[in-house]
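What follows is a single structure, written as structure tokens, with notes after it.
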Amino acid sequence: MALAVSNALGFGGEQMRFAAQSWWILDEGGSKTEMGVAAGLRVIPVIIISLYAGVLIDRIGGKRVLIVERMILIVLAAITGAILLFDHVEIWHIIILATLAGSTIALGEPATQTLVPDAVPDDLLQPANSMNQLGNALGKTFGPLAAGILIAIKSAALALFGLAVVYGVAMLATFGIKAKPKPPVESESATRQIVDGLQYMMKDPLLRWTLLMALSVIFFMMYMPIIPVYAREVLEVDEVKFGWMWGALAIGQGVSALTIASKGGFKRRSYGVLSGSLVFGIGMIGFGLSETYWVSLVFLAIAGLGFPLWGTSVVTLLQSHSAVEYRGRVLAVFTIVLQGSSLAWILGGVSFDVLGSFPTVLICIGGGWLIVGATFVASKDFRNA
3 MALAVSNALG FGGEQMRFAA QSWWILDEGG SKTEMGVAAG LRVIPVIIIS
53 LYAGVLIDRI GGKRVLIVER MILIVLAAIT GAILLFDHVE IWHIIILATL
103 AGSTIALGEP ATQTLVPDAV PDDLLQPANS MNQLGNALGK TFGPLAAGIL
153 IAIKSAALAL FGLAVVYGVA MLATFGIKAK PKPPVESESA TRQIVDGLQY
203 MMKDPLLRWT LLMALSVIFF MMYMPIIPVY AREVLEVDEV KFGWMWGALA
253 IGQGVSALTI ASKGGFKRRS YGVLSGSLVF GIGMIGFGLS ETYWVSLVFL
303 AIAGLGFPLW GTSVVTLLQS HSAVEYRGRV LAVFTIVLQG SSLAWILGGV
353 SFDVLGSFPT VLICIGGGWL IVGATFVASK DFRNA
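Positions in the sequence shown are counted from 1; adding 2 to them yields our numbering.
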């Protein structure tokens with residue numbers, strides 16, 4: 003329970019920051035590229051941070067790492083809120099702080115995933131991961147909605163101060179997580195452990211192909227800059243309705259996550275990945291073609307149904323197939339792959355400025371479908387997983 007609460011608040015906090023900083027940048031006259039860079043520049047330091055985070059998790063456990071991450075995020079949210087109170091704040095100030103926050107999240111994200119196998123047996127991994135996805139959905143619903151309300155009440159600064167409070171509660175919940183003690187590890191250097199972990203993943207065909215397939219997030223996650231741009235320029239909605247657009251996406255995600263938790267997912271995880279990709283893509287294409295707010299909400303909810311199918315299948319596959327002593331490093335590499343979402347912000351922002359709205363949606367879906375489909379065709383190990 004404590005893990006679910008901590009993760010839900012962590013997910014919600016990340017979405018609060020995305021919503022608040024995106025709205026502020028566009029409201030200040032910034033370009034869509036600047037909006038994308040603010041969310042996406044973190045990908046540069048994240049690669050190194052995540053690799054060492056995996057080693058740290060394998061050494062001292064995910065709970066300790068997660069507590070440190072929450073503490074740093076509280077400080078960064080408070081600093082960002084304070085800076086926004088000044089009239090002479092520049093967009094590059096927010097980009098730097100957003101990059102620091104994103105890099106910090108890269109420290110904690112693999113920890114949230116390694117703690118799940120500590121709590122449940124292998125046969126309940128996918129339902130447990132679906133509850134994690136439900137926390138993600140709740141965070142995505144109430145995070146941007148809370149940010150939109152706080153922006154409407156006062157300003158983006160108030161939303162960032164609210165974010166600091168959210169992370170504070172998340173840290174308190176983290177203290178309540180019951181984690182298994184880590185077994186003793188060899189006292190070799192962190193760099194050597196990283197190399198050893200990477201070699202382990204490269205030698206295992208299922209892990210290798212699954213991680214390559216997960217690169218599809220570089221395209222799929224382009225939905226994140228798509229939503230604020232459509233909100234302002236196509237649908238022309240206010241801050242609260244903008245928040246509900248994220249909420250509709252998360253409602254679909256929550257329904258799907260609850261279904262998986264109660265009924266179980268696909269016996270073959272690869273089928274879950276494939277079906278999730280198709281459902282998400284159909285929903286986003288419908289959203290891209292819609293010019294009516296309420297119709298857009300319906301298609302966003304449909305798109306949200308695909309998230310848990312894809313996400314729980316991939317995470318469960320990696321958790322169950324990884325040796326315990328390598329699990330932290332495997333999921334750390336998966337975290338690096340997920341930082342393709344940072345590249346997606348940049349790619350989406352540039353695509354909007356150069357190509358326009360609906361072509362960006364088509365790139366989002368077409369690119370993701372191509373990678374998932376190619377992996378399914380090329381790897382028998384992945385197809386049968």
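Each residue gets a CB set at the ideal place from its N, CA and C atoms; glycine is no exception. Note that the coordinates shown come from a computational prediction; the quantities given were computed from them, not determined experimentally.
Inset, instruction - Check whether the segment 333 to 344 touches the segment 52 to 66, taking contact to mean three or more Cβ pairs, one atom from each stretch, closer than 8 Å. - result: yes
Inset, instruction - Quick one: using the 10 Å Cβ neighbour count with 16 as the cut-off for buried, is Gln201 buried or exposed? - result: Translated into the one-based positions of the sequence shown, residue 201 becomes position 199. Burial call: exposed.
Legend entry - Best match in Gly150, Val297, Ala161 for proximity to Ala84 [C-alpha to C-alpha]: Translated into positions along the sequence shown, residue 84 becomes position 82. Looking at Gly150, Val297, Ala161, the one whose alpha-carbon comes closest to that of Ala84 is Ala161.
Inset, instruction - Look at Ile93 and Ile196 and say whether their C-beta atoms are less than 7 Å apart. - result: For the purposes of this step, residue 93 is identified with residue 91 of the sequence shown, where counting begins at 1. For the purposes of this step, residue 196 is identified with residue 194 of the sequence shown, where counting begins at 1. No; because the gap between Cβ atoms is not below 7 Å, this pair is not in contact.
Inset, instruction - Tell me whether Phe268 sits in a helix, a strand or coil according to DSSP, three-state version. - result: Translated into positions along the sequence shown, residue 268 becomes position 266. In the structure shown, Phe268 sits in coil (DSSP, three-state: anything other than H, G, I, E or B).
Inset, instruction - Examine the Cβ distances between the segment 134 to 150 and the segment 269 to 289 and report whether three or more of them are shorter than 8 Å. - result: No: fewer than three Cβ pairs fall under 8 Å.
Legend entry - Same chain only: Cβ atoms within 6 Å of Ala388, ignoring 5 sequence neighbours per side: Because the chain here runs from 3 to 387, residue 388 falls outside it and cannot be looked at.
Legend entry - Delimiting residues of the alpha helix (DSSP H) encompassing Thr318: Residue numbering aside, residue 318 sits at position 316 when the sequence shown is read from its first letter. Secondary structure note for Thr318: its alpha helix (DSSP H) is the uninterrupted segment 295 to 323.
Inset, instruction - Report yes if the C-beta distance between Leu5 and Ile179 is below 7 Å; otherwise report no. - result: Indexing the sequence shown from 1 puts residue 5 at position 3. Indexing the sequence shown from 1 puts residue 179 at position 177. Yes. Within cutoff.
Inset, instruction - Check Lys180 in the structure and name its three-state DSSP category. - result: For this step, residue 180 is matched to residue 178 along the sequence shown. The answer is coil: DSSP assigns Lys180 none of H, G, I, E or B.
Legend entry - 8 Å CB neighbourhood of Arg210 in its chain, flanking five on each side removed: As a position in the sequence shown, residue 210 is number 208, starting the count at 1. Cβ within range, chain order: Met203, Met204.
Inset, instruction - In the DSSP assignment, find the unbroken alpha helix (DSSP H) run with Asn9 in it and report its ends. - result: Numbered from 1 along the sequence shown, position 7 holds the residue referred to as residue 9. That run of the alpha helix (DSSP H) goes 4 to 29.
Inset, instruction - Tell me whether Glu238 sits in a helix, a strand or coil according to DSSP, three-state version. - result: On the sequence shown, position 236 is the one that residue 238 refers to. In this structure, Glu238 counts as coil in the three-state DSSP scheme.
Legend entry - Cβ neighbours of Glu36 in the same chain (closer than 6 Å, five flanking residues each side left out): Taking the first residue of the sequence shown as position 1, residue 36 is located at position 34. The answer, listed in chain order, is Ile27, Ile93.
Legend entry - Nearest-angstrom Cα separation, counted from Gly368 out to Phe198: Stepping through the sequence shown from its first residue, residue 198 is reached at position 196. Stepping through the sequence shown from its first residue, residue 368 is reached at position 366. The amino acid occupying residue 198 in the given sequence is Asp; Phe does not appear at that position. One C-alpha to the other measures close to 35 Å.
Inset, instruction - Give the secondary structure of Asp124 by DSSP, where H, G and I count as helix, E and B as strand, and everything else as coil. - result: Walking along the sequence shown from the start, residue 124 turns up at place 122. It is helical.
Legend entry - Nearest-angstrom Cβ-Cβ length linking Glu293 and Val236, presumed shorter than 8 Å: Residue 293 sits at position 291 when you count from the first residue of the sequence shown. Residue 236 sits at position 234 when you count from the first residue of the sequence shown. Right, their Cβ atoms sit about 6 Å apart.
Legend entry - Cβ pair Ala154, Val242 closer than 7 Å: The residue you call residue 154 lines up with position 152 of the sequence shown. The residue you call residue 242 lines up with position 240 of the sequence shown. Their beta carbons are under 7 Å apart, which means Ala154 touches Val242 by this criterion.
Inset, instruction - Only counting runs of 4 or more residues, tell me where the alpha helix (DSSP H) segments fall wholly within the segment 69 to 138, in order along the chain. - result: 93 to 121
Inset, instruction - Decide if the segment 207 to 223 is in contact with the segment 374 to 381; the criterion is three or more beta carbon pairs, one per stretch, under 8 Å apart. - result: yes
Inset, instruction - Would you tell me roughly how many angstroms separate the C-alpha atoms of Trp246 and Ala192, rounded to the nearest one? - result: In the sequence shown, the residue the question calls residue 246 occupies position 244. In the sequence shown, the residue the question calls residue 192 occupies position 190. Taking the straight line joining both Cα atoms gives about 44 Å.
Legend entry - For Ser359, the three-state DSSP class (helix, strand or coil): Counting from 1 along the sequence shown, the entry for residue 359 is found at position 357. Helix at Ser359.
Inset, instruction - Report yes if the CB atom of Leu311 is closer than 7 Å to the CB atom of Gly274, and no otherwise. - result: As a first step, residue 311 must be located in the sequence shown, where it is residue number 309. As a first step, residue 274 must be located in the sequence shown, where it is residue number 272. Yes, Cβ-Cβ distance for Leu311 and Gly274 is below 7 Å.
Inset, instruction - Check each candidate in His323, Gly278, Val317, Phe289 and name the one with the smallest Cα separation from Ser359. - result: As a position in the sequence shown, residue 359 is number 357, starting the count at 1. Of His323, Gly278, Val317, Phe289, the smallest CA-CA separation from Ser359 is found for Phe289.
Inset, instruction - Within the same chain, show all residues whose beta-carbon is closer than 8 Å to that of Met73, passing over the 5 residues directly before and after it, in chain order. - result: Here residue 73 refers to the residue found at position 71 of the sequence shown. Only Met173 meet the Cβ criterion.
Legend entry - Selection from Arg44, Gln23, Val339, Ser344 that minimises the alpha carbon distance to Thr106: Here residue 106 refers to the residue found at position 104 when the sequence shown is read from its first residue. The residue with the shortest Cα to Cα distance from Thr106 is Arg44.
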